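Chemist: Residue numbers (the working numbering): 67 to 370.
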Ligand SMILES: [Zn+2]
C-alpha cells in the first residue's frame, strides 16, 4: 500500500506539474448529465482551491512566527518543527475528506437520477446503494490522504533543497507561495478528474440499478485535443457485463469504469472516456412493477 501511494504521489505530481488545463469541450463522450459537468467542476475546484490556500497559509504563518522567535533559528530547525508539529495539526486531510464526501454524494445522486431516467422512465432513481455510499466514503478518505501526503512530501522537498542550496528564509517564503502543491492548477486538475470519476461511478451505479441494462460499453470521444491514450482508444466499443471488469490494453490494468480509483494516476488523470449502457429490449418491455421488483433485489445485493 505504501509503495502504491508513493507511486501515486509521484505520478499525480508529474501530471499536475505539466500545468496543462483540460479542455472538456468535444473531448468527453456524450452521457446524461454531461451538461452539468462544467458547473460541478467549477464548484469543486473552488472548494479545493480554498482548502489549499488555507493549508499554504498554515506553513507560511508558521515560518514567519518560527523565525521571528529567534534570529538564530534556521531552516533546518523549521523543517524539524514542520515534521514534528505542523504535519500533525494540518487539517487539510480531514476538511478535504469531508468536503469531498459531501460533494461526491450530491453529484452522484444528481447524475444517477438523470442516467436512470434516460434508460427507463418506469424505474426512477430513489436511493444510492450501500455499495455506492461505501465507495464515496472510502474514496473521499483515500483521496484526502493521498493529497495530504503529496503536499507534505512537496513541502519537505522544498525545504531540503533550500537547505542544501543555502537559500535564505525569504527565498523559502517565495518558493512556498509558488509551490504547485498549493496552486489553482492542482485544484483544477483534481476537480476535473474527480467530477469525471463521479460521473463514471454514477454510470456504474445507474446500470446496476436499471434491470434492462445487461452490459456496459467503453466510449472514447476520439477527439485529438486531449492527447488521448492509445490504449483507451483501443478500448472504444468494448462491451463487458455490468458487474465485469475492463482490461486496459498495454498496461493490463483492470477497472470497472474509466478513472476507477483502483487504477494508477497515469490511467486516471486527464482521461475523458465514458461508458454507455447495453439495453435488453425484452427486459425493458416488462411491467413497471416487475422491473421495480428486480431493481429492489439488485439494491439489496449491492452491499459492498
Ligand atoms: Zn481514457
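Ideal Cβ placement from N, Cα and C applies to all residues, glycine included.
None of these values were measured; they are calculated from a predicted model.
(1) With which residues is residue 306 paired in a DSSP beta bridge?
(2) In chain order, what residues of the same chain lie with their CB nearer than 8 Å to the CB of residue 243, ignoring the 5 residues before and after it?
(3) Ignore the nearest five residues each way along the sequence and tell me which others in residue 229's own chain have a CB closer than 6 Å to its CB.
(4) Should residue 357 be labelled buried (16 or more other beta-carbon atoms within 10 Å of its own) or exposed?
(5) Skipping 5 residues on each side, what residues in its chain have a beta carbon closer than 7 Å to that of residue 197?
(6) Since residue 275 and residue 182 are thought to touch, with beta carbons under 8 Å apart, how far apart are those beta carbons, to the nearest angstrom?
(7) Distance, Cα to Cα, residue 253 vs residue 205?
(8) Is residue 321 close to ligand 1? I mean its beta-carbon at under 8 Å from any heavy atom of the ligand.
(9) Do you know whose CA, among 129, 174 and 159, lies nearest residue 235's CA?
(10) Would you check if there are 3 or more beta carbon pairs closer than 8 Å linking the segment 249-267 to the segment 101-120?
(11) Comparing alpha-carbon positions, which option in 295, 272, 339 and 216 lies nearest residue 259?
(12) Could you tell me which residues DSSP pairs with residue 132 in its beta bridges?
(13) Return the CA-CA distance between residue 245 and residue 90, expressed in angstroms with no decimal places.
(14) Assess, as a yes-or-no matter, whether the segment 296-307 is touched by the segment 332-351 under the definition of 3 or more beta carbon pairs within less than 8 Å.
(15) Taking the C-alpha atoms as reference points, what is the distance between residue 139 and residue 133?
(16) Looking at residue 267 and ligand 1, is the gap between the Cβ and the nearest heavy atom below 8 Å?
(17) Taking residue 193 as the reference, which of 271, 224 and 186 has the closest Cα?
(18) Is residue 104 helix, strand or coil by DSSP?
(19) Mind checking which residues open and close the alpha helix (DSSP H) that includes residue 253?
(20) Beta carbon of residue 294: closer than 8 Å to some heavy atom of ligand 1?
(21) Does the distance from the CB of residue 110 to the CB of residue 256 come in under 9 Å?
(22) Among the candidates 148, 233, 327 and 317, whose CA atom is the shortest distance from the CA of residue 266?
(23) Which class does residue 148 belong to by DSSP, given the choice of helix, strand or coil?
(24) If you compare alpha carbons, which of 320, 178, 361 and 282 is closest to residue 102?
(25) What do you get for residue 104, buried or exposed, if any count of 16 or more other CB atoms within 10 angstroms of its CB means buried?
(26) What residues come near ligand 1, if near means a beta carbon less than 5 Å from any of its heavy atoms?
(27) Taking residue 221 as the reference, which of 316, 93, 363 and 153 has the closest Cα?
(28) According to DSSP, is residue 189 helix, strand or coil?
(29) Look at the alpha carbon of residue 108 and the alpha carbon of residue 124, and state the distance between them as a whole number of angstroms.
(30) Cα separation between residue 96 and residue 226?
(31) Keeping to the same chain, check which residues put their C-beta closer than 8 Å to that of residue 67; ignore five residues upstream and five downstream.
Modeler: For this structure:
(1) As a working note, residue 306 is residue 240 in the chain shown. Here residue 306 is bridged, per DSSP, to 282.
(2) Position 177 of the chain shown, counted from the first residue, corresponds to residue 243. Taking C-beta separations shorter than 8 Å and ignoring five residues to either side along the sequence, the partners of residue 243 in its chain run 122 and 126, following chain order.
(3) The sequence position of residue 229 within the chain shown is 163, counting from 1. The beta carbon of residue 229 sits closer than 6 Å to the beta carbons of 141 and 142 from its chain, once the five residues preceding and following it are set aside; these are given in chain order.
(4) If you number the chain shown from 1, residue 357 lands on position 291. It is buried - the Cβ of residue 357 has at least 16 other Cβ atoms within 10 Å.
(5) What you label residue 197 is simply residue 131 of the chain shown in a count that begins at 1. Counting only Cβ-Cβ distances below 7 Å, and skipping sequence neighbours, we find 368, 369 and 370.
(6) Residue 275 sits at position 209 when you count from the first residue of the chain shown. Residue 182 sits at position 116 when you count from the first residue of the chain shown. Confirmed, about 6 Å.
(7) Locating residue 253 in the chain shown gives position 187, where the first residue counts as 1. Locating residue 205 in the chain shown gives position 139, where the first residue counts as 1. Taking the straight line joining both Cα atoms gives about 17 Å.
(8) The residue given as residue 321 occupies position 255 in the chain shown. No, the Cβ of residue 321 stays beyond 8 Å of every heavy atom of ligand 1.
(9) Position 169 of the chain shown, counting from 1, holds the residue named residue 235. Distance check between residue 235 and each of 129, 174 and 159 places 129 closest, using alpha-carbon atoms only.
(10) Counting Cβ pairs under 8 Å, three or more are found: they touch.
(11) Within the chain shown, numbered from 1, the residue matching residue 259 stands at position 193. It is 339.
(12) Within the chain shown, residue 132 is the residue found at index 66, counting from 1. Residue pairing of residue 132 in beta bridges, as defined by DSSP: absent, with no partner found.
(13) Against the chain shown, residue 245 aligns to sequence position 179. Against the chain shown, residue 90 aligns to sequence position 24. Straight-line measurement puts the Cα of residue 90 at about 26 Å from the Cα of residue 245.
(14) Under the Cβ criterion (8 Å, minimum of three pairs), the segment 332-351 counts as touching the segment 296-307.
(15) On the chain shown, position 73 is the one that residue 139 refers to. On the chain shown, position 67 is the one that residue 133 refers to. Those two C-alpha atoms are separated by around 6 Å.
(16) For the purposes of this step, residue 267 is taken as the residue at position 201 of the chain shown. Every heavy atom of ligand 1 is 8 Å or more from the Cβ of residue 267, so no.
(17) Counting from one through the chain shown, the residue named residue 193 turns up at place 127. Here the closest residue by C-alpha is 271.
(18) Walking along the chain shown from the start, residue 104 turns up at place 38. Helix at residue 104.
(19) Position 187 of the chain shown, counted from the first residue, corresponds to residue 253. Here the alpha helix (DSSP H) through residue 253 covers 250-275.
(20) Within the chain shown, numbered from 1, the residue matching residue 294 stands at position 228. Under cutoff, so the answer is yes.
(21) Here the question's residue 110 lines up with position 44 in the chain shown. Here the question's residue 256 lines up with position 190 in the chain shown. Yes, the pair counts as a contact, with Cβ atoms nearer than the cut-off.
(22) On the chain shown, residue 266 is found 200 positions in, with the first residue counted as 1. Nearest option by C-alpha distance: 327.
(23) As a first step, residue 148 must be located in the chain shown, where it is residue number 82. In the three-state scheme derived from DSSP, where H, G and I count as helix and E and B as strand, residue 148 is classed as helix.
(24) Taking the first residue of the chain shown as position 1, residue 102 is located at position 36. Ranking 320, 178, 361 and 282 by Cα distance to residue 102 puts 178 first.
(25) The count along the chain shown starts at 1 and reaches residue 104 at position 38. Answer is exposed; the Cβ neighbour count stays below 16.
(26) Having a Cβ closer than 5 Å to some heavy atom of ligand 1 are 298, 337 and 339.
(27) Translated into positions along the chain shown, residue 221 becomes position 155. Minimum Cα distance to residue 221 is reached at 153.
(28) In the chain shown, counting from the first residue as 1, residue 189 sits at position 123. Residue state, collapsed to three classes: coil.
(29) Reading the chain shown from its first residue, position 42 is the one you call residue 108. Reading the chain shown from its first residue, position 58 is the one you call residue 124. C-alpha of residue 108 to C-alpha of residue 124: approximately 25 Å in a straight line.
(30) One-based indexing of the chain shown puts residue 96 at position 30. One-based indexing of the chain shown puts residue 226 at position 160. Roughly 47 Å separates the two Cα atoms.
(31) On the chain shown, residue 67 is found 1 positions in, with the first residue counted as 1. For residue 67, the predicted model reports a pLDDT of 46, less than 50, meaning its position is unreliable; a value from the coordinates is still stated below. Taking residue 67 as the centre and dropping the five residues before and after it, the same chain places no C-beta closer than 8 Å to its C-beta.
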